[in-house]
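In what follows, a single structure is set out as structure tokens and then discussed.
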Amino acid sequence: MEKERKLENLEEKERKIASDNTDNLTENKEEVSNLEKENKELKEKISELEAQLKEIQNAARVIKATFENYKLDADRQIRDASRATSLRIMRAMIPLLDDFKRAFKHFELSNNLEEFKTGVEKIYEKFVRTLENEGLKQIDATGKFDPFNHEAFEREEREDLEEYTITEVIEDGYTFNGQVIKPAKVKVAVKPRKKKEPAENTENTNSNKDNSEGKSSESSAENRGEA
1 MEKERKLENL
11 EEKERKIASD
21 NTDNLTENKE
31 EVSNLEKENK
41 ELKEKISELE
51 AQLKEIQNAA
61 RVIKATFENY
71 KLDADRQIRD
81 ASRATSLRIM
91 RAMIPLLDDF
101 KRAFKHFELS
111 NNLEEFKTGV
121 EKIYEKFVRT
131 LENEGLKQID
141 ATGKFDPFNH
151 EAFEREERED
161 LEEYTITEVI
171 EDGYTFNGQV
181 IKPAKVKVAV
191 KPRKKKEPAE
201 NTENTNSNKD
211 NSEGKSSESS
221 AENRGEA
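If you're matching positions, the sequence shown starts at 1 in the UniProt record's numbering and goes up one per residue.
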């Protein structure tokens, strides 16, 4: 009887162990399944990110190539514009060069200095007009000194003028398309400095004043005595 009871207990333990093992196995299978699912999702996410990264890299290469092409085009346009500007200026200068040659040749034949001077003045006027057409302008150097357009080359003490009034143009200044490329060198008026009297003169003045006062006192005393 006791053996049967022990046998039943043993069988019960075995069934319990078997049941626990079955439960553990089921739980492990579920964990494995969940891990496999997460692993699959992570791989899909990684693949998606790799695809996005590849797209970004391709876009970056396209942008870089586009920028390099744009830079090359911009540099070429700048060179072409600079070359075109130089060419236009040279074409404008050639007639002046021809005028100088004709003036020199005429002077060699006529030896007339007055005519040569008149011819050179006309060429100079034409040269100035050519430069003005290209954007060069002479800076106005009259009136008040302007530090943005003028350079104070010399100062002149003047009582009759307001301080920093321009009194003389030493060298002309110029702007090119509104930008100062050479300020005008000018002479400006400043108020004269007050001169201090030397100490010796001050002492002499005081001495003379004392002598005058002394003589005046003596004269007053004499007048009182006579009275």
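Using N, Cα and C, we set each Cβ at its ideal position, and we do this for glycine too.
Look at the beta carbons and you see the segment 142-155 touching the segment 165-176: at least three pairs across the two are nearer than 8 Å.
Counting C-beta pairs closer than 8 Å gives fewer than three between the segment 106-119 and the segment 86-93, which falls short of the contact rule. Boundaries of the alpha helix (DSSP H) around K117: 113-133. Between I123 and A141 a beta carbon distance of about 24 Å is seen, past the 8 Å cut, so the two are scored as non-contacting.
Distances from the alpha-carbon of T130 to those of A84, A184, E38, P95 put P95 closest. For A189, same chain residues with a beta-carbon under 6 Å away, outside a window of 5 residues either side, are E156, R158, L161, T165, T167 in chain order. With fewer than 16 other Cβ atoms from the protein chains shown falling within 10 Å of its own Cβ, F67 counts as exposed. With respect to the 7 Å criterion, I139 and A184 are classified as neighbours on the basis of their beta carbons. The beta carbon of A65 lies closer than 6 Å to none in the same chain, with the five residues before and after it left out. The shortest C-alpha to C-alpha distance from A84 to any of N69, K191, K182, E134 is the one to E134.
If you check the CB distance, E154 and K187 come in under 7 Å. DSSP places T142 in the coil class of the three-state scheme, outside both helix and strand.
Taken atom to atom, the span from the alpha-carbon of V62 to that of E27 is near 52 Å.
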